[in-house]
Structure formats: structure tokens, C-alpha cells
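**Q** Okay, here's the structure, questions in a sec.
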Amino acid sequence: MTKKQKAIIIGSILGDGFLQKTGAKNARLRLEHSLLQKEYLLWKCQILGNYFQSKPQILERKNPVFDKTYQYIRAQSYSGSELGIFFHLFYKNGKKIIPEKISDLLKDPLMLAVWFMDDGYYYPRDRIAYLYLPKLDQASIDNLLNALKVNFNLSPILKIKKRGEYVLNFSVVETKKLVQLIKLFVISSMSYKIPSESCDNSLKIPSESCNLEVS
Numbered sequence: 123m124t125k126k127q128k129a130i131i132i133g134s135i136l137g138d139g140f141l142q143k144t145g146a147k148n149a150r151l152r153l154e155h156s157l158l159q160k161e162y163l164l165w166k167c168q169i170l171g172n173y174f175q176s177k178p179q180i181l182e183r184k185n186p187v188f189d190k191t192y193q194y195i196r197a198q199s200y201s202g203s204e205l206g207i208f209f210h211l212f213y214k215n216g217k218k219i220i221p222e223k224i225s226d227l228l229k230d231p232l233m234l235a236v237w238f239m240d241d242g243y244y245y246p247r248d249r250i251a252y253l254y255l256p257k258l259d260q261a262s263i264d265n266l267l268n269a270l271k272v273n274f275n276l277s278p279i280l281k282i283k284k285r286g287e288y289v290l291n292f293s294v295v296e297t298k299k300l301v302q303l304i305k306l307f308v309i310s311s312m313s314y315k316i317p318s319e320s321c322d323n324s325l326k327i328p329s330e331s332c333n334l335e336v337s
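First residue of the sequence shown? That's 123 in our numbering, and the numbers climb one at a time after it.
Have a look at this one:
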């Protein structure tokens with residue numbers, strides 16, 4: 123596993139990525155994104171290509187609340203012991219957690235950028251950023267906040283929104299610091315997630331980098 127692959131995997135686990143246990147020591151990684159973020163998933167697929175067992179698939183899912191069907195794209199890795207290590211770090215009793223030693227892992231700004239591209243949002247009106255979280259236990263939140271402070275000098279505040287979502291709220295000052303850390307790693311198709319004046323990279327992913335299967 124290369125340093126870049128490790129960064130993509132950890133950033134994805136912190137974000138929308140899902141690890142499935144497949145044995146005592148093995149696990150596989152599943153990546154899912156909306157069809158609008160197809161190029162982003164293909165970028166991950168390109169970097170992690172040696173870990174994936176099949177071509178990305180376009181699938182459909184129905185939201186019963188809004189009676190609406192939407193498409194999304196999924197890629198799933200091989201099962202292996204390297205990913206099994208991450209499963210045992212980031213899952214407890216089948217539920218995602220943030221390990222106590224996350225500060226030893228979350229050091230690369232690329233990890234932070236992938237996490238933000240997965241679950242981050244920038245609000246131009248207020249010039250602040252949010253990172254959405256799953257409903258983590260307090261120990262996990264404390265571990266995460268400590269890692270961000272120690273490794274990146276970032277001090278977001280945990281907030282629980284009206285609909286119950288957990289978010290890390292970055293003030294205007296903290297948002298500027300965050301953007302400076304990640305802007306060189308945010309790919310072109312995801313540049314809408316950071317202020318437009320920060321989009322000085324030209325990372326482009328060719329559409330043919332991964333073929334798709336439609337189901």
C-alpha cells in the first residue's frame with residue numbers, strides 16, 4: 123500500500139467509505155457516491171485500482187420518505203488483511219468509531235482533503251465550512267478533535283443541527299486554515315466545495331480511467 127493509497131483509504135473511512143468484515147482478519151472497502159460525483163469516485167478508483175475486484179457500477183436506490191429514486195455509483199475492493207487492519211481500528215461491534223490513536227494516522231493533508239470532499243460543505247454566504255459526521259460517541263469525537271488540533275492546528279466546534287446531524291463547524295478563520303491545507307488536493311470536479319478563489323489546481327481525471335457497469 124502506497125502512502126497516497128493509505129491517505130485515500132483513511133480519508134474515505136472518515137467520510138463516506140464503508141468497511142465490511144469478511145473474516146477474522148480481512149475486510150473489503152465499499153465506496154459510494156452520487157452520480158454527480160462520478161469523476162470523484164473514478165479518481166479514487168484510479169489510485170486504488172489494484173485493490174478493486176470489479177468495475178464501478180451505477181445503481182439505483184429509492185428514498186421512501188420522498189418517494190424518489192436516484193442513481194449512485196459504487197466500487198468495491200478485494201477482501202484482504204491490509205483493509206482488515208483498518209476495520210479493527212475504525213469499527214467496534216459493527217459500528218464506526220474514531221480510534222484513540224487517530225492522531226497517529228490523520229497526519230497527511232490529503233486524508234483531510236478526501237474526508238472533506240466526501241462530507242464537507244462550504245457556505246459562501248457565511249464563509250464557513252462544515253464537516254458532517256456519523257453519530258459518534260463522545261470519546262470518538264474527542265479523539266477526532268484532538269487529532270485535528272495536534273496535527274493541523276484546526277479547532278472546529280461540534281454542533282448538532284436541527285435534524286440531528288452531527289457536524290464540525292469551522293469558523294471563518296478556521297475555514298481559511300482548512301482550505302489552505304486541502305486546496306491543492308481538491309480535484310477539479312469537487313472544487314465547488316471550497317471558495318472559488320482557492321481553486322488553483324488543475325487535477326483532471328480522464329473519464330476512461332475506469333469503465334462502468336450499469337445495473
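Using N, Cα and C, we set each Cβ at its ideal position, and we do this for glycine too.
1) Specify the secondary structure class of residue 124 as computed by DSSP and reduced to three states.
2) With 16 as the cutoff for other CB atoms within 10 Å, does residue 124 come out buried or exposed?
3) At what residue ranges does the stretch 142-195 contain a whole run of the alpha helix (DSSP H), taking only runs of 4 or more?
4) I need the DSSP call for residue 217, collapsed to helix, strand or coil.
5) So, does the stretch 148-155 touch the stretch 250-261, judging by three or more C-beta pairs under 8 Å?
6) Counting pairs of beta carbons, one from the stretch 280-290 and one from the stretch 221-230, are three or more of them closer than 8 Å?
7) Between 175, 129, 130 and 311, which has its C-alpha nearest residue 162's C-alpha?
8) Check each candidate in 298, 240 and 308 and name the one with the smallest Cα separation from residue 133.
9) Determine contact between the stretch 246-254 and the stretch 202-217, defined as no fewer than three beta-carbon pairs at a distance below 8 Å.
10) Given a cut-off of 8 Å, decide if residue 200 and residue 175 are closer than it, judged by their beta-carbon atoms.
11) With a threshold of 16 other CB atoms inside 10 Å of the CB of residue 318, please say whether the residue is buried or exposed.
12) How would you label residue 160, buried or exposed, when you count the other beta carbons within 10 angstroms and need 16 or more for buried?
13) State yes or no: is the C-beta of residue 291 within less than 8 Å of the C-beta of residue 279?
14) Helix, strand or coil for residue 308? Go by DSSP, reduced to three states.
15) To the nearest angstrom, report how far apart residue 273 and residue 129 are at their CA atoms.
16) Roughly how far, in whole angstroms, is the beta-carbon of residue 243 from the beta-carbon of residue 315, given that I think they are within contact range, below 8 Å?
**A** Quick look at the numbers:
1) DSSP, read as helix, strand or coil, puts residue 124 in coil.
2) By the 10 Å Cβ count, residue 124 comes out exposed.
3) Complete alpha helix (DSSP H) runs here, min 4: 160-169.
4) If DSSP states are grouped into helix, strand and coil, residue 217 belongs with the strands.
5) In this structure the stretch 148-155 does not touch the stretch 250-261; the number of beta carbon pairs closer than 8 Å is below three.
6) Contact fails between the stretch 280-290 and the stretch 221-230, because fewer than three Cβ pairs, one in each stretch, are under 8 Å apart.
7) Out of 175, 129, 130 and 311, 311 has the C-alpha closest to the C-alpha of residue 162.
8) Distances from the alpha-carbon of residue 133 to those of 298, 240 and 308 put 240 closest.
9) No: fewer than three Cβ pairs fall under 8 Å.
10) Yes, they are a contact pair.
11) Residue 318 sits exposed, since fewer than 16 C-beta atoms from the chains shown fall within 10 Å of its C-beta.
12) For residue 160, the number of other beta carbons within 10 angstroms of its own is at least 16, and it is reported as buried.
13) With contacts defined by Cβ atoms closer than 8 Å, residue 291 and residue 279 form a contacting pair.
14) Residue 308: coil per DSSP, three-state reduction.
15) Computed Cα separation, rounded: 14 Å.
16) Between residue 315 and residue 243 the Cβ distance is about 7 Å, and since that is below 8 Å, they are a contact.
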